[in-house]
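Residue 1 is where the sequence shown starts when you use the working numbering, and the numbers rise one by one after that. Where is the CB? At the ideal position from N, CA and C, for every residue including glycine. All of these numbers come straight from a predicted model, not from anything done at the bench.
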Amino acid sequence: MKSQIKITIYNKEYTLKAEAQDEELLKEAAAVLTEKITAKKQRLGVSKLEDLLAIAAFDIVVEQLRSRETLDHATERIGKLNYLLDQVLEQDQPQVQKENE
């Protein structure tokens, strides 16, 4: 069941309808976004909230794409390792059968 959850992003409160179990995740996301906005404001000297949001959103998307790339690479490596493991196990299979005879 959805409930109303209050989050704060850059000193502004928003009310969202979401599943109760997502409340901590949503609050953490709001805190991360606020942190990014604040850091960009201090580092770049940008004061327009619209620009800060755009820059923060861009950074978040870049991080997500890098994470996806890393995950894809890890998945590919796991696939290769599974293939190699299967090859080793198949080579070892006849030897195990002979020992059981």
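field: Contiguous beta strand (DSSP E) assignments of at least 3 residues, all confined to the segment 41-87
entry: none
- request: Drop a sphere of 10 angstroms on the beta-carbon of Leu52, count the other beta-carbons inside from all chains shown, and report buried for 16 or more, exposed for fewer.
  value: buried
message: Let me check understanding here. Comparing Cα to Cα, which of Lys12, Tyr10, Asp22, Val88 lies closest to Lys119?
response: Residue 119 falls outside the range modelled here, since the chain spans only 1 to 101, and no answer is possible.
- request: On a CA-only basis, which of Ala57, Val46, Leu44 is nearest Ala30? Give me that one, please.
  value: Answer by Cα proximity: Ala57.
field: Opposing strand residues paired with Glu35 [DSSP bridges]
entry: For Glu35, which the question treats as bridged, DSSP gives no partner whatsoever.
message: Which residue wins for smallest C-alpha separation from Glu13, given the options Ile5, Leu65, Arg68?
response: Ile5
- prompt: Do Asp59 and Lys36 have their CB atoms nearer than 8 Å?
  reply: The Cβ atoms of Asp59 and Lys36 lie closer than 8 Å to each other.
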